[in-house]
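Below: one structure, written as structure tokens.
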Amino acid sequence: MCKISLSRRNKEILIAVCSFTILIILYKLSGKSRSVSNAKEFSQTDSIHTKEETLTKTAYRIQELEEKISILEKQIPKTYPDVRYLNYLARKRILVTGGAGFVGSHLVDKLMKEGHEVIVADNFFTGRKLNVEHWIGHENFEMIHHDIVNPLYIEVDEIYHLASPASPPHYMENPVKTIKTNTIGTINILGLARRVNAKVLIASTSEVYGDPDIHPQPETYWGHVNPIGPRACYDEGKRISETLTYAYAKQEKMQVRVARIFNTYGPRMHMNDGRVVSNFILQALKGEIITIYGSGGQTRSFQYVTDLVEGLVSLMNSNYTLPVNLGNPVEHTINEFAAIIKELVGGNSKIVHSSEVEDDPQRRKPDITRAKKYLNWEPKVNLNVGLQKTVSYFREELRKFSHSQRNKFVPV
Ligand SMILES: O=C(O)[C@H]1O[C@H](OP(=O)(O)OP(=O)(O)OC[C@H]2O[C@@H](n3ccc(=O)[nH]c3=O)[C@H](O)[C@@H]2O)[C@H](O)[C@@H](O)[C@@H]1O
């Protein structure tokens, strides 16, 4: 009984077995009462009442079992991924805002494994506790439920400021909040960095280039952004975030780093992320229509998340203060990308074109000369390899999702 609670998988199996057994009992009971009723002793109403009673009791029993499992699970000593030992001189206290998000959680993994103390601040708007669950309880790890639109008072040596929704449907859902996060939120983080004399890295984006008229985009390009368009909350939010960073650096003599992050994909992307990688993979896995917005002639260059994390840490540890593009320069049209996903996943999904997105950048490809020169960094993970890992991740997410739907108790 105790062994059954050792893992999430076993917990799921236990619940499934319990539910199945109970269903069989129920089925038999209902069969019995039906036959008895037919044999004239029970009225139909009595039978319905008995069934309802049994179902309620069963639901209660399942709940009791789940509670017992969770109590037993807490008694099992947790094991963590291996962490390097650093002495107190080398060990840093590092804050990662948005550390429970897709990119943030991969960065947290790297910093934890290197032996640093990591504090995650996240409001869980797009981040998930599940992404950092494997560190909860570790002596070097701390998680704060905090929205950076409010000031934060802690002592740290370094800050990676990643907090902000990044997927277009998410950042457009509440544009004012997106602007507040990237303005007031960034001011709060820069203020914190100044107070405690911490080095701070700001996560900016390729979106600061807007719909570019220079290709590929070097950091010296000032961009082509519609200041009142639907993407402006994010594009302009990130542009002012950069402006604030360099204003603080100049005025307060702070150490700042700015990473302009290009399209990134990998495990831990949210199922509802809404960006092209997750949409296409999920559509292909479910055998649904793959939806290309517009002609599909627009281009993107996709980098795998671990490459980005290497770049972020190299940038933080470098002496380079100007913005640096972090992205994979291998460029594809969205039409090509849909075909790549279809080929990789298999299945019979049709590719269909729908109306184009307003202000959708038509070309995007990073010029990474700066990153190569000053950080000695360039992406290593080939698109096919990265996509295979991402497809496996989404396949597993879908499996867990359909399992959780099957086990949902719907009271009669
Ligand atoms: O992935 C990222 O890192 C970037 O994603 C977004 O930028 P965007 O390039 O517009 O991302 P997607 O929503 O993934 O769109 C890429 C292209 O695919 C198209 N698309 C998207 C989704 C879909 O289902 N079908 C489809 O054709 C879009 O219209 C767009 O042309 C964010 O705005 C950036 O901040 C972020 O850096």
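Residue numbering for the sequence shown is 803 to 1214, as defined by the numbering used here.
Glycine included, each C-beta is placed from N, C-alpha and C at the ideal position.
Since the model is a prediction, treat every value here as computed from it, not as a measurement.
Considering only C-alpha positions, which residue in the set the options is nearest to residue i?
{"i": "Arg997", "options": "Thr899, Lys979, Leu954", "result": "Leu954"}
{"i": "Glu957", "options": "Ala995, Met945, Val934, Thr1135", "result": "Ala995"}
{"i": "Arg1201", "options": "Ile989, Met1073, Val905", "result": "Met1073"}
{"i": "Asn1127", "options": "Lys853, Glu875, Val1010, Ser969", "result": "Val1010"}
{"i": "Val1058", "options": "His1205, Thr1045, Val1193, Lys880", "result": "Thr1045"}
{"i": "Lys912", "options": "Val1115, Pro1032, Pro1014", "result": "Val1115"}
{"i": "Pro1014", "options": "Val910, Pro1032, Thr1101", "result": "Thr1101"}
{"i": "Lys1040", "options": "Thr1192, Ile986, Gly929", "result": "Ile986"}
{"i": "Ile1016", "options": "Ser1204, Asn1184, Lys1167", "result": "Lys1167"}
{"i": "Gly1012", "options": "Gly1068, Tyr1023, Val1027, Thr1022", "result": "Val1027"}
{"i": "Leu1177", "options": "Gly1148, Pro1131, His947, Pro1125", "result": "Pro1125"}
{"i": "Glu1180", "options": "Gln1105, Phe1203, Ile1142", "result": "Gln1105"}
{"i": "Ile981", "options": "Glu1038, Glu1160, Lys1055", "result": "Glu1038"}
{"i": "Glu919", "options": "Lys931, Gly939, Thr928", "result": "Gly939"}
{"i": "Gln1216", "options": "His1134, Glu854, Gly993", "result": "For the chain, the structure presents residues 803 to 1214; residue 1216 sits outside this window and is missing."}
{"i": "Ile921", "options": "His963, Asp884, Lys880", "result": "His963"}
{"i": "Ile989", "options": "Val1111, Leu891, Ala1049, Ile864", "result": "Ala1049"}
{"i": "Asp1075", "options": "Leu888, His972, Glu875, Lys859", "result": "His972"}
{"i": "Ala1034", "options": "Ala968, Leu857, Tyr887, Val934", "result": "Ala968"}
Nearer than 7 Å: is that true of the beta carbon of residue i relative to any heavy atom of ligand 1?
{"i": "Ala1061", "result": "no"}
{"i": "Arg1070", "result": "no"}
{"i": "Asp1162", "result": "yes"}
{"i": "Thr1192", "result": "no"}
{"i": "Gly1096", "result": "yes"}
{"i": "Glu1090", "result": "no"}
{"i": "Val1032", "result": "The amino acid at residue 1032 is misidentified as Val; the sequence shows Pro. No, Cβ of Pro1032 sits at least 7 Å from all heavy atoms of ligand 1."}
{"i": "Ala923", "result": "no"}
{"i": "Glu869", "result": "no"}
{"i": "Pro879", "result": "no"}
{"i": "Arg1165", "result": "no"}
{"i": "Ser1006", "result": "no"}
{"i": "Val1183", "result": "no"}
{"i": "Gln1019", "result": "no"}
{"i": "Phe1064", "result": "yes"}
{"i": "Glu1044", "result": "no"}
{"i": "Ser969", "result": "yes"}
{"i": "Tyr1011", "result": "no"}
{"i": "Arg996", "result": "no"}
{"i": "Val1078", "result": "yes"}
{"i": "Val1027", "result": "no"}
{"i": "Val1222", "result": "Missing from the structure shown is residue 1222; the chain here goes from 803 to 1214 and no further."}
{"i": "Arg1216", "result": "No answer is possible for residue 1216: it lies beyond the span of the chain, which begins at 803 and ends at 1214."}
{"i": "Tyr962", "result": "no"}
{"i": "Thr1123", "result": "no"}
{"i": "Thr1093", "result": "yes"}
{"i": "Tyr1036", "result": "yes"}
{"i": "Asn1081", "result": "yes"}
Let's see if you can read the secondary structure: which residues bound the alpha helix (DSSP H) around residue i?
{"i": "Ala1051", "result": "1034–1054"}
{"i": "Ser1080", "result": "1078–1087"}
{"i": "Val1147", "result": "1136–1147"}
Residue i and residue j: beta carbons closer than 8 Å?
{"i": "Val1002", "j": "Ile991", "result": "yes"}
{"i": "Thr899", "j": "Ala965", "result": "yes"}
{"i": "Ala1005", "j": "Ala1061", "result": "yes"}
{"i": "Asn952", "j": "Met914", "result": "no"}
{"i": "Ser761", "j": "Gly1089", "result": "The structure shown has nothing for residue 761, since the chain only spans 803 to 1214."}
{"i": "Lys894", "j": "Glu960", "result": "yes"}
{"i": "Glu1091", "j": "Asn1137", "result": "According to the sequence provided, residue 1091 is Ile. The question's Glu does not apply to it. No."}
{"i": "Asp1109", "j": "Val1183", "result": "yes"}
{"i": "Pro970", "j": "Pro1131", "result": "no"}
{"i": "Met1118", "j": "Phe904", "result": "no"}
{"i": "Val1193", "j": "Val1147", "result": "yes"}
{"i": "Asn925", "j": "His948", "result": "yes"}
{"i": "Ser1103", "j": "Ile1063", "result": "no"}
{"i": "Gly917", "j": "Val885", "result": "yes"}
{"i": "Ile1170", "j": "Gly1129", "result": "yes"}
{"i": "Thr983", "j": "Ile950", "result": "yes"}
{"i": "Tyr1195", "j": "Pro1069", "result": "yes"}
What first and last residue would you give for the beta strand (DSSP E) that runs through residue i?
{"i": "Ser1120", "result": "From DSSP, Ser1120 is part of no beta strand (DSSP E); its letter is neither H nor E."}
{"i": "Ile896", "result": "895–899"}
{"i": "Lys915", "result": "Per DSSP, Lys915 belongs to no beta strand (DSSP E); it is in the alpha helix (DSSP H), 904–915."}
{"i": "Asn1127", "result": "1126–1128"}
{"i": "His1155", "result": "1153–1156"}
{"i": "Lys979", "result": "Not the beta strand (DSSP E): Lys979 falls in the alpha helix (DSSP H), residues 977–998."}
{"i": "His947", "result": "943–947"}
Given the structure, does residue i come close to ligand 2, in the sense that its CB is under 7 Å from one of the ligand's heavy atoms?
{"i": "Glu1138", "result": "This structure lacks ligand 2; the ligands present are ligand 1."}
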